[in-house]
């Protein structure tokens, strides 16, 4: 088994204890809810979209360290990007989470690469991608809650 | 004080119980997980199986496999004999009056659904009420919600106090002429609370209301006597009783089962079939359509033999000592809060830690070879009641030891270290 330190490293713990953009957003142009019925994790992602650009993004909710840190890093990663760029980043992130040994797009991933250890803990991958699925739902303006199942 | 400081207190073996010898009966326990000796503390989810149960399954398929109640050939007779012997073992184990009252089902969930879809559909009408408790597993909530929606009936919920004890006054107040059934767990899977089941039944009977008891977490850990409880229905699963998955029991008083329509139609449950009319078989076969889980039933019988040999009362007493030891250990860790502190408790330690999500606790414990359950334990309304999204839960069995609990406490130190 890979070491716990590959999972609960300093960057992740920092984002967990002091998550970025962890707030509700008045005047969000769209938002979506996501939940993981297996563990009860719940998240709301808020967006301020203007001309296809994410001018502001934030999240709220409760979840484990991995889901919280992943959401925090996600908001940092996509803020200021176009929805297309955010989609592209999600794809790169998802590849990192699902295919061990895949050739990763480090330029796109940036700091998100620090979550690469999650793939070694298969039952925690859903925790890491929940925020991203919820972001996608918010970008697409879907109203029904997103589920990991 | 933290867990590591008290590991040295592991002392005398508890009671007259040779756990080292018992552990040898469970081959799965003899392994390392992530480089550490396995400490299995997820018994409320499913229990491990003694070699005798595994042998019974292999033996059945190796020498006796045939369909039951059909063939005239020798194998079919042997399979039928073993299948029915197991039913008799179950009857004796829960002290039912008659074999006919022991219905094989897939598990607790199917048992409850069977009652909801047969007794429920026949007896629950518009405006009627069904009483459950705030502690129920989803399997004792959802089947009644489905029925209530279909019938225009209502679900009423007995609240619990902060320790996880049933509020009996509130229960009394909920019982009304509209109440048509009380369906309640015997032992809480999420908190460990032992419900005063006999009193619950008496109070319902005073109003002429029948009672279903969900015994999934009770049967493996304490003596159950359905005649003494006097409940109309009692359900439990084989796999939590050291038996195989996919087999469980619905006990029902014969007069109730007789009056109920069948659950599923098919072979085995009929006496005669024409295209005009079918006459249903007698109990228990009326409720056992199709080829049953023969191997599972035989495995369950072997599990009951094993438990009987140890003695269910001794098992309960030993597990209670373990629970007290574990409660003491966890209470000494400042950041740990135990959820479920009822006076009368079974071997379940549900807890949360300040600022650390139960899933993270579970992952870190797994790295230490310790298996616990984390999440809402299929009891989301109960989690809401206690204001937590989830808990970490260590649940005990008779093959656990004080050393297992010491390992748990030490691993919780490691959790705090990671998150410090």
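Chains as they are written, first to last, in the working numbering: chain A, 1 to 149; chain B, 1001 to 1420.
Virtual Cβ for every residue (Gly too), placed ideally from N, Cα, C.
Please read all numbers here as calculations on a predicted model, not as lab measurements.
| task | Look at residue 1335 of chain B and residue 1356 of chain B and say whether their C-beta atoms are less than 9 angstroms apart. | result | yes
| query | Are the CB atoms of residue 1196 of chain B and residue 1166 of chain B nearer to each other than 9 angstroms? | reply | yes
| Shorter than 9 angstroms from the beta carbon of residue 38 of chain A to some beta carbon of chain B? | yes
| query | residue 4 of chain A versus chain B: which residues are under 8 angstroms apart at the beta carbon? | reply | 1363, 1364, 1367 and 1418
| task | Output yes if chain A places a C-beta closer than 9 angstroms to the C-beta of residue 1073 of chain B; else output no. | result | no
| field | Validate contact between the stretch 1290 to 1305 of chain B and the stretch 1108 to 1121 of chain B using beta carbons, cut 8 angstroms, 3 pairs | value | no
| message | Checking the sheet assignment: what are the DSSP bridge partners for residue 1350 of chain B? | response | B:1339 and B:1393
| message | So with CB distances below 7 angstroms, who are the chain B contacts of residue 63 of chain A? | response | 1357
| said: Contact defined as beta carbons within less than 8 angstroms: I believe residue 1064 of chain B pairs with residue 1057 of chain B. What is the distance between those atoms, to the nearest angstrom? | reply: Not quite, the Cβ-Cβ distance comes to about 11 angstroms (not below 8 angstroms), so this is no contact.
| task | For residue 1390 of chain B, go through chain A and note every residue whose CB falls closer than 7 angstroms to its CB, in chain order. | result | 39 and 40
| Quick one: complete alpha helix (DSSP H) runs, 4+ long, within the stretch 1142 to 1226 of chain B? | 1142 to 1151, 1168 to 1174 and 1197 to 1205
| message | Against chain A, with Cβ distances strictly below 9 angstroms, would residue 1374 of chain B count as a contact? | response | yes
| request: Count the other CB atoms, across all protein chains shown, that sit within 10 Å of the CB of residue 1391 of chain B; report buried if there are 16 or more and exposed otherwise. | output: buried
| task | Kindly confirm or deny that the stretch 1123 to 1143 of chain B and the stretch 1317 to 1327 of chain B touch, where touching means at least three C-beta pairs closer than 8 angstroms. | result | no
| Three-state secondary structure (DSSP) of residue 1283 of chain B | coil
| What three-state label does DSSP hand residue 109 of chain A in the structure shown? | helix
| Among A:87, A:29, A:5 and A:98, the one whose alpha carbon lies nearest that of residue 122 of chain A | A:98
| query | Would you say residue 1353 of chain B reaches chain A, if we count a Cβ-Cβ gap shorter than 9 angstroms as a contact? | reply | no
| message | In the DSSP assignment, the alpha helix (DSSP H) including residue 1251 of chain B goes from what residue to what residue? | response | No alpha helix (DSSP H) contains residue 1251 of chain B, which is instead part of the beta strand (DSSP E) from 1248 to 1252.
| field | Best match in B:1105, B:1029 and B:1115 for proximity to residue 1258 of chain B [C-alpha to C-alpha] | value | B:1115
| field | Identified DSSP bridge partners for residue 1375 of chain B | value | B:1391
| query | Are the CB atoms of residue 1256 of chain B and residue 1236 of chain B nearer to each other than 9 angstroms? | reply | no
| task | Kindly list, in the order they appear in chain B, the residues whose Cβ is closer than 8 angstroms to that of residue 124 of chain A. | result | 1359 and 1363
| chain A contacts from the stretch 1378 to 1402 of chain B (Cβ-Cβ distance under 8 angstroms) | 1380, 1383, 1389 and 1390
| said: Strictly below 7 angstroms CB to CB, what residues from chain B border residue 121 of chain A? | reply: 1363
| query | On the three-state DSSP scale, how would you describe residue 1070 of chain B? | reply | coil
| From this set, B:1380, B:1305, B:1408 and B:1218, which residue's C-alpha is nearest residue 36 of chain A's C-alpha? | B:1380
| Element boundaries [alpha helix (DSSP H), containing residue 1052 of chain B] | 1051 to 1059
| field | Enclosing beta strand (DSSP E) for residue 1104 of chain B [first to last residue] | value | 1102 to 1105
| Quick one, are the C-beta atoms of residue 1404 of chain B and residue 1039 of chain B less than 9 angstroms apart? | yes
| query | Is the CB-CB distance between residue 1176 of chain B and residue 1132 of chain B below 9 angstroms? | reply | no
| task | Tell me, please, whether the CB atom of residue 1019 of chain B is closer than 9 angstroms to any CB atom in chain A? | result | no
| task | Ignoring anything shorter than 4 residues or poking outside the stretch 1092 to 1141 of chain B, list the alpha helix (DSSP H) runs there in chain order. | result | 1108 to 1115
| request: At 3 residues or longer, and completely inside the stretch 37 to 102 of chain A: list those beta strand (DSSP E) runs for me, N to C. | output: 41 to 50 and 53 to 62
| From residue 1210 of chain B to residue 1037 of chain B, what distance separates their C-alpha atoms? | 47 angstroms
| field | Distance between residue 1349 of chain B and residue 1328 of chain B (C-alpha atoms, nearest Å) | value | 11 angstroms
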